[in-house]
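In my numbering, the protein residues as written are 105 to 341.
Idealized CB from N, CA, C, for every residue including glycine.
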């Protein structure tokens, strides 16, 4: 079993904060309804606005919950890597004008792996290098609809750059392998990236890919692995 450095997740904090906001809004909406008796109904406008906001927040909470479930599942999966691997989750790298929130970094003798996990359903289509991808899925009534989502391969490119700079600052120079993993069995991925590997649960074995990955010139000694892991532990959120 791999060594898991961090089991916490910032998404849990986001959900708690979102629930607190929703409770406050609900209380405010009830207060506005009571107040309507004394304001000839004018405060009902505020109640309607709060109602729309609460509905939007419920949708956002549902999305974050789905992401949290996916990341938890991937972390449990990565834990099944051999014990020579270290898995660090939920890393924040702060640059001068940018920041990178990385789902997972796996460190082993055969390299450093950045993994961005996506727990989304449907068909995901896009062209290599496209800024946005298209997610096509069916609603409850069977009606098909689509939405745009930011290309996670571009997101991982930014993560690779941020982590490379961080390691270079600490006199560590090693190749970093970027990956996007679609963790939902109901996702059908129809796009590729020239620089980032794209895998999906429905057709790829993530653990096998990591364990058998080889790149010429990449071989980390136990000492180097410990050093890299130590640097990353300081960036855990």
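Contact between residue 185 and residue 319 does not hold, since the beta-carbon distance rounds to 18 Å and is not under 8 Å. When only Cα atoms are considered, residue 268 and residue 258 end up about 15 Å apart. Where residue 280 is concerned, the enclosing beta strand (DSSP E) starts and stops at 280 to 286. For residue 227, there is no enclosing alpha helix (DSSP H); the enclosing beta strand (DSSP E) covers residues 226 to 229. At a Cβ-Cβ threshold of 8 Å, residue 240 and residue 226 count as neighbours. For residue 238, DSSP records a beta bridge to 229 and 252.
Taking C-beta atoms as the reference points, residue 215 and residue 279 count as a pair closer than 8 Å. In the DSSP assignment, residue 313 falls within the unbroken alpha helix (DSSP H) covering 310 to 316.
Counting of Cβ neighbours within 10 angstroms places residue 298 among the exposed residues, the total staying below 16. Collapsing the DSSP output to three states places residue 334 in a helix.
Residue 340 places its beta carbon 8 Å or farther from that of residue 219.
Linking residue 264 to residue 282 through their CA atoms gives a straight-line distance of about 6 Å. For the stretch 116 to 185, the full-length alpha helix (DSSP H) segments reaching 4 residues or more read 147 to 182 along the chain. Judged by DSSP secondary structure, residue 195 falls within the beta strand (DSSP E) whose first and last residues are 190 to 198. Taking a C-beta distance under 8 Å as the contact criterion, residue 206 and residue 270 do not qualify as a contact pair. In the structure shown, the three-state DSSP call for residue 257 is helix. Counting the other Cβ atoms within 10 Å of the Cβ of residue 223 gives 16 or more, which makes it buried.
Cβ neighbours of residue 249 within its own chain (closer than 8 Å, five residues either side excluded): 240, 241, 242 and 243. Closest in C-alpha terms to residue 167, from the list 118, 328 and 307, comes 118. Residue 187 is not a Cβ neighbour of residue 126, given a cutoff of 8 Å. According to the DSSP secondary-structure assignment, residue 294 is paired through a beta bridge with 229. Residue 300 holds the alpha-carbon nearest to the alpha-carbon of residue 233 among 300, 291 and 277. The C-alpha of residue 148 lies about 50 Å from the C-alpha of residue 337. The beta carbon of residue 304 sits closer than 7 Å to the beta carbons of 286, 291 and 293 from its chain, once the five residues preceding and following it are set aside; these are given in chain order.
In the DSSP assignment, residue 301 is bridged to 283.
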